[in-house]
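Colleague:
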Amino acid sequence: MYFAALLARTEDGWQASEPDLDDVETLADLSDLARTAGDEEETVLVFIEQEDAWFGVIRVDGEEDPRIYVSDAAAAARSSYGEILLTDEVLGRDPENADDLDDLVDLDGTEDGDTDDTDEDAVVGSSEDHVPTGPLGETDLLADLGMSATELLALSGDGALTGEALGEIADALGAADVLEAVR
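Per my numbering, the very first residue in the sequence shown carries number 1363; after that it's consecutive.
1. Using the beta-carbon count (16 or more within 10 Å), is M1509 buried or exposed?
2. According to DSSP, is R1454 helix, strand or coil?
3. To the nearest angstrom, how far is it from the Cα of A1435 to the Cα of G1519?
4. Under 8 Å, do I1430 and L1447 count as touching if we go by C-beta distance?
5. Rounded to the nearest angstrom, how far is the Cβ of L1453 from that of V1493, given a contact under 8 Å?
6. Give me the residue from A1366, A1527, A1390 with the minimum Cα distance to S1379.
7. Please determine, among W1416, A1537, V1422, V1544, the residue with the shortest C-alpha to C-alpha distance to R1440.
8. Do L1507 and T1449 have their C-beta atoms within less than 8 Å of each other?
9. Can E1445 be considered in contact with the ligand ATP, in the sense that its beta carbon sits closer than 7 Å to one or more heavy atoms?
10. From what residue to what residue does the beta strand (DSSP E) around T1405 run?
11. Could you check how far apart the C-beta atoms of L1498 and V1432 are, in whole angstroms? I think they sit under 8 Å.
12. For A1505, collect the residues of the same chain with a Cβ closer than 7 Å to its Cβ; drop the 5 residues on either side in sequence, then sort them by chain order.
13. Per DSSP, V1432 forms a beta bridge with which residues?
14. Return the chain-ordered list of same chain residues with a C-beta closer than 6 Å to the C-beta of E1426, the five sequence neighbours on each side being excluded.
15. Name the one or two DSSP bridge partners that S1379 has.
16. Buried or exposed: S1393, going by 16 or more other Cβ atoms within 10 Å of its Cβ?
17. Beta-carbon of P1381 versus every beta-carbon of chain C: anything under 8 Å?
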């Protein structure tokens, strides 16, 4: 079960709405959706949470590239919405070299790049190999809004109650009431 909310920072304070994510397939789709929630240069935050498994915060400031923070990248990688957030940039991959070297080099010693059925651990380059466990992204994306990187990281990882994290973030930003209204 997912929860998502858009928080737009306006002259009158924060405004929240619950987005329809049915047509969101890419980070660009999600960013465009966020931009429609606010005026041209307003900051819009997208909160996404999967039942106590992980949460993500996407910050969109006007036409700038979105900034992303995910509480647990490995958990998010197993989720359709989480996969949208785990871009090459967030994962530290070079998008120019997105193709695996497996296409160029036979790493497992078999002919024509076929997998070696005798060694199941020889699978190299699967997407899970590149997704770390734990927090990932820009930890300071909320610092100018009232939540430090240290505070954000404290809501992530072992022992953190990720189901309460979005409420705590909204509280630090002065947006708890508007977030609760759409929850």
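Just so you know, even glycine gets a beta-carbon here, dropped at the ideal spot from N, CA and C.
Modeller: According to the structure shown:
1. buried
2. The sequence given here has Gly at residue 1454, not Arg. Here G1454 sits in coil by DSSP.
3. 10 Å
4. Taking 8 Å as the cut-off, the Cβ atoms of I1430 and L1447 count as close.
5. 7 Å
6. Among A1366, A1527, A1390, the Cα nearest to that of S1379 is on A1366.
7. Residue W1416 is the option with its Cα nearest to R1440.
8. no
9. Ligands in the displayed structure: none, and consequently the ligand ATP is not present.
10. 1405-1412
11. 5 Å
12. A1511
13. Per DSSP, G1418, L1498.
14. none
15. L1368
16. buried
17. The structure shown has no chain C; it contains just one protein chain.
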